[in-house]
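These notes concern the structure reproduced below.
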Amino acid sequence: MDNLPKDIIQNIANRLTTYSDYKRTREVCKYSWSFIEKIPRHLPPQPWMMILTSQFQLGNQSFFDLSVGRLAVFEPTMNCERNVHVKFSHGEFIIFQKNLDIDVLVVKREGKKESVRTLPSLSKLPTVVTYEPERKDKEYQVRWRADSDETRYLSLSRMGNYIKKIVLAPGKGCLAILNSATGLAVSRFEEKSWTFFSEVVFCWDAIHYKGKFYALNSDLSIFIYDIHSGISSSRSITKPWNVLIDVWARKNLVNSGEDFFLVVCHICPQSFDIFRIDRAIWSWEKVQDLGELSIFIGSKPCDSFCFSHVKGLENCVLYSPGSLHNASIFDLKNKHITKWYKWIKLSNFGM
Numbered sequence: 001m002d003n004l005p006k007d008i009i010q011n012i013a014n015r016l017t018t019y020s021d022y023k024r025t026r027e028v029c030k031y032s033w034s035f036i037e038k039i040p041r042h043l044p045p046q047p048w049m050m051i052l053t054s055q056f057q058l059g060n061q062s063f064f065d066l067s068v069g070r071l072a073v074f075e076p077t078m079n080c081e082r083n084v085h086v087k088f089s090h091g092e093f094i095i096f097q098k099n100l101d102i103d104v105l106v107v108k109r110e111g112k113k114e115s116v117r118t119l120p121s122l123s124k125l126p127t128v129v130t131y132e133p134e135r136k137d138k139e140y141q142v143r144w145r146a147d148s149d150e151t152r153y154l155s156l157s158r159m160g161n162y163i164k165k166i167v168l169a170p171g172k173g174c175l176a177i178l179n180s181a182t183g184l185a186v187s188r189f190e191e192k193s194w195t196f197f198s199e200v201v202f203c204w205d206a207i208h209y210k211g212k213f214y215a216l217n218s219d220l221s222i223f224i225y226d227i228h229s230g231i232s233s234s235r236s237i238t239k240p241w242n243v244l245i246d247v248w249a250r251k252n253l254v255n256s257g258e259d260f261f262l263v264v265c266h267i268c269p270q271s272f273d274i275f276r277i278d279r280a281i282w283s284w285e286k287v288q289d290l291g292e293l294s295i296f297i298g299s300k301p302c303d304s305f306c307f308s309h310v311k312g313l314e315n316c317v318l319y320s321p322g323s324l325h326n327a328s329i330f331d332l333k334n335k336h337i338t339k340w341y342k343w344i345k346l347s348n349f350g351m
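Under UniProt numbering, the first residue of the sequence shown carries the number 1, and numbering increases by one thereafter.
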């Protein structure tokens, strides 16, 4: 674009008002050093944080690259006019469409094109009692709790929040955590339907690793589902006897390879406890030092992962309760919390 005549650049800026200032600045600063990034059509290697600017619109989403400390915009090529709800899961966008379909936009990487895979419809969830599209703002009647017959009426837009999290197994299937007191639903791509597991009454979080889904139950046990065989099981894990874990504190399950971590987020005062599964005796052991490893916990359950080798972010928990500006960093070594904007000023990163 830097080689285009100025009149053409101005014409483009007039037609695309969203990026008009950006395009003019690119023209002015093309021979000077600048922090402004070109708009990418692909995502960089992790670690990076997705910042959903709107939960109802796919276009113009942004992400923060932890490796270089910069914010950039992702511009998908997929038509996003019909979106009613957008979620994000470890590199893929979960898009709830007005025609009841759930589309997964797999973002292109390393030169590969974007691809879209459609999951079974929301109306096919086992917890949906009735679906009547003519019943405006009450299209769905859903079972609200697994241990009772209580039902609620939800609109199409609210059904996006009824699904707490979707975890994808690339090319194989997905696991959906429904309303916290309802259960889990699993779908294998070739089946085009949902399988419901009511025995998981309250699920905090779930991850995928090597063809298996791992879901964290309220009693801190792990529900395991093999996506290849369709076999499910449950593994009891002993709680630490000398540590009191708040029942109502938010809990996230993250992994770094075969190491599984439980992150307990305390609100008042803000602090974090981290536990690792000791597979020798199947118990949660408290972690005092992560070494070069760090953990990101976002405002939504889907925003959580481990990362390493990022300058200035070793052995800590990066917590973002709603926006990047409100994020804070919890240092496991000295138990000290630093606000994100203060850390940016102290670091060598540029925004």
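Note that the Cβ used here is the ideal one computed from N, Cα and C, for glycine as well.
Residue closest to residue i, alpha-carbon to alpha-carbon, out of the options
| i | options | result |
| --- | --- | --- |
| F189 | I274, D273, Q270, S121 | S121 |
| residue 391 | A185, L156, A327 | Since the first residue of the chain shown is 1 and the last is 351, residue 391 is not available in this structure. |
| V201 | K165, D147, V142, R117 | D147 |
| D246 | R135, L262, S232, E258 | L262 |
| L175 | D259, L216, T238, D137 | L216 |
| S294 | K124, Y153, V317, T151 | V317 |
| V129 | D137, R117, L119, R143 | R143 |
C-beta contact flag for residue i and residue j at 9 Å
| i | j | result |
| --- | --- | --- |
| S221 | R235 | yes |
| K172 | G230 | no |
| A327 | K339 | yes |
| I177 | D219 | no |
| L332 | I274 | yes |
| T118 | T182 | no |
Classification of residue i by the beta-carbon crowding that lies within 10 angstroms, buried from 16 upward
| i | result |
| --- | --- |
| R279 | exposed |
| N334 | exposed |
| L244 | exposed |
| S233 | exposed |
| residue 355 | Since the first and last residues shown for the chain are 1 and 351, residue 355 lies out of range. |
| residue 385 | A query on residue 385 cannot be resolved here, the shown segment of the chain reaching from 1 to 351 and no further. |
| W248 | exposed |
| W284 | buried |
| R135 | exposed |
| H309 | exposed |
| N11 | exposed |
| E139 | buried |
| K251 | buried |
| residue 432 | Lying outside 1 to 351, the shown extent of the chain, residue 432 is not represented and no answer is given. |
| R268 | Checking the sequence, you will find Cys at residue 268 rather than Arg. It counts as exposed. |
| S198 | exposed |
Under the three-state DSSP convention, the category residue i falls into
| i | result |
| --- | --- |
| N315 | coil |
| D246 | coil |
| S283 | strand |
| K212 | strand |
| D219 | coil |
| K251 | strand |
| D289 | coil |
| I231 | coil |
| L262 | strand |
Fully enclosed by the stretch 134 to 202, which alpha helix (DSSP H) runs are 4 residues long or longer?
159 to 162
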